[in-house]
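So the protein sequences, as listed, match chains B and R. For the first sequence, counting from 1, position 69 maps to 806 in this note's numbering; every step adds exactly one. For the second sequence, counting from 1, position 98 maps to 116 in this note's numbering; every step adds exactly one. Structure first, commentary second.
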Amino acid sequence: MEVKMKNLFEYLKEMYDIIIIGAGPAGISASLYAKRANMNVLVIYKGTSNLENATKIENYYGFPDGITGQDLYNSGIMQAKNLGVDFRVSEVTSIEYQQDGFNVKTPENEYNAKSVIISTGNKKLKPNIKGINEFEGKGISYCAICDGFFYRNKKVAVIGSGEFAFSEAKMLSNVVKDITILTNGEQIKSVRNNFKINTKKIKKIVGSEKVEKIVFEDLTEIDIDGIFIALGEAGANDFAKTLGIITENDNIKVNENMETNVPGVFACGNITGGLLQVSKAVYEGSKAGLSAVKYVKEIKK
Amino acid sequence: MVNVYNKENFKSEVEEYKGTTIVDFYADWCGPCKMMSPVIDKIAEENKEIKVGKVNCDDEIELATRFNVMSIPTILIFKDGKLLKTFVGVTPKETILKAAK
């Protein structure tokens, strides 16, 4: 009985009203407004924020001597923690639809939320390999869960070297016949290694109507039916692909309330484009936080 | 009205039709397709002069393969039975209509 109660508690603990991905000024602002409205809020973040790289910020309100990006960033996280916002330092590898909300996965855990705010910044990783753009949708895919189906019993590759690449490979392994991780010269940055791995640098992707071959720098080649791109950490553009969020020039399209075209998903900060400034990220974060609160209250009714 | 196309009726309904047809290739398990579907419904409702239909890729893998559909949602626009334009991924209503008109 005791064990059961504990499990139930653990389960409940991982249910949130709002999950925010990214802990820069946009994500933290959103968390402050959401938490103050009595929401159950979790922020998941990993890696460096653009803000941390700013040596000195001299145009932001209220700091007569300027402030370093690192200090402003740390203070923001501290402020949210003091208010009672939950934090996890981990990499979100996928966001999926589920009944009444969203399922957010990290390599260690999964979380459920009624609403998700994407504030991951504008890191966009596209490998600079000849043929990548040409064959997009013709053998090149950015979403295993969407497109894996079309490669049933086929031979595919995943380009990437981190947790995200392995999580995409795992998803594909139920469907495809043969799978290889291509690190394109990088070292593996995952604890999981139960896949075939090839670390050669890639020269180009070739085919006529669709992808047929990968040619490496050393001019060896392999036949392939499909290639899934999963470089670095999963980013806003990857989440956008799996959820069907409309993007424009690699930015997530939002309205004045920071709503995307997907009900319950909001975006704020650098990922929405425009001015790449702290002030703009803070404004959008507060707006996204309030919009998410309104959304959660509506669906709880 | 959104029609349902399959390998039996695709020829007569789309390839032999004189006019414009918009076809949405989708599957029930596909997350992004859930976002595309209301857009397709709206296009059908607001543009009676355009024929609009759906192909369920789970049931119609042959049709999907024939049109090189390897990622869903994929929207195909046909004019007088000929493939005019392909959109891969969730596409705004305006973009689809601009290509169709």
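Glycine is no exception: its CB is placed at the ideal position from the N, C-alpha and C atoms. All values reported here derive from a predicted model rather than from experimental measurement.
- Look at residue 45 of chain R: its C-beta is under 8 Å from a C-beta on chain B.
- Burial state of residue 782 of chain B is buried, judged by a 10 Å Cβ sphere holding 16 or more other Cβ atoms.
- Interface annotation, residue 978 of chain B: in contact with chain R, CB-CB separation under 8 Å.
- Here residue 764 of chain B really is in contact with residue 1006 of chain B; their C-beta atoms are around 7 Å apart, less than 8 Å.
- For residue 884 of chain B, the nearest CB of chain R lies under 8 Å from its own CB, placing it at the interface with that chain.
- In the structure shown, residue 960 of chain B falls within a strand segment according to DSSP collapsed to helix, strand and coil.
- The C-beta of residue 106 of chain R comes closer than 8 Å to at least one C-beta of chain B.
- Here DSSP, grouped into helix, strand and coil, assigns residue 966 of chain B to strand.
- Annotation for residue 816 of chain B: the continuous alpha helix (DSSP H) segment containing it runs 806-820.
- Rounded to whole angstroms, the Cβ separation of residue 757 of chain B and residue 856 of chain B is 6 Å, and the two are in contact under 8 Å.
- Per the Cβ contact rule, the segment 805-812 of chain B is in contact with the segment 774-789 of chain B (3 or more Cβ pairs under 8 Å).
- Residues of the segment 980-999 of chain B with a Cβ closer than 8 Å to any Cβ of chain R, in chain order: 980, 981, 982, 983, 998 and 999.
- Between the segment 68-75 of chain R and the segment 999-1017 of chain B there are fewer than three C-beta pairs closer than 8 Å, too few to call the two in contact.
- For a cut-off of 8 Å, the C-beta gap from residue 38 of chain R to residue 114 of chain R is around 11 Å, too long to register as a contact.
- The beta carbon of residue 89 of chain R falls within 8 Å of a beta carbon belonging to chain B, placing the residue at that interface.
- Fewer than three Cβ pairs drawn from the segment 921-938 of chain B and the segment 848-855 of chain B lie within less than 8 Å of each other, which leaves the two stretches out of contact.
- A distance below 8 Å separates the beta carbons of residue 844 of chain B and residue 900 of chain B.
- In chain R, no part has a C-beta under 7 Å from the C-beta of residue 954 of chain B; the shortest such distance is about 27 Å.
- A distance below 6 Å between beta-carbons, with the five flanking residues on each side excluded, links residue 965 of chain B to the following residues of its chain, in chain order: 878, 881, 895 and 905.
- Residues of the segment 20-41 of chain R whose Cβ lies closer than 8 Å to any Cβ of chain B: none.
- The C-beta of residue 887 of chain B comes closer than 8 Å to at least one C-beta of chain R.
- Residues of the segment 837-869 of chain B with a Cβ closer than 7 Å to any Cβ of chain R: none.
- Close CB contacts of residue 983 of chain B within its chain, under the 6 Å cut and outside five residues either way in sequence, are with 990 and 998 (chain order).
- Counting only Cβ-Cβ distances below 7 Å, residue 871 of chain B has no contacts in chain R at all, with the closest Cβ about 13 Å away.
- When B:762, B:778 and B:934 are compared, the shortest CA-CA separation from residue 1029 of chain B is found for B:778.
- In terms of Cβ geometry, residue 46 of chain R and residue 54 of chain R do not form a close pair [threshold 8 Å].
- Secondary structure note for residue 752 of chain B: its beta strand (DSSP E) is the uninterrupted segment 752-758.
- Unbroken alpha helix (DSSP H) stretches of 4 residues or longer found wholly inside the segment 968-1020 of chain B: 973-980, given in chain order.
- Between the alpha carbons of residue 931 of chain B and residue 893 of chain B lies a gap of roughly 15 Å.
- In the DSSP annotation of this structure, the continuous segment of the alpha helix (DSSP H) that includes residue 769 of chain B starts and ends at 762-773.
- Put simply, the CB of residue 766 of chain B is far from chain R, with every gap to its CB atoms at 8 Å or more.
- The criterion of a C-beta distance shorter than 8 Å is not satisfied by residue 993 of chain B and residue 784 of chain B.
- For residue 71 of chain R, there are no C-beta contacts with chain B under 8 Å, since the nearest C-beta of that chain is about 20 Å from it.
- Between the segment 940-959 of chain B and the segment 827-847 of chain B there are fewer than three inter-stretch CB-CB distances shorter than 8 Å, so the stretches are not counted as touching.
- Between residue 27 of chain R and residue 870 of chain B, the alpha-carbon positions lie close to 34 Å from each other.
- By the criterion of a C-beta distance shorter than 7 Å, residue 81 of chain R is surrounded in its chain by 25, 28 and 73, once the five residues flanking it on both sides are discounted.
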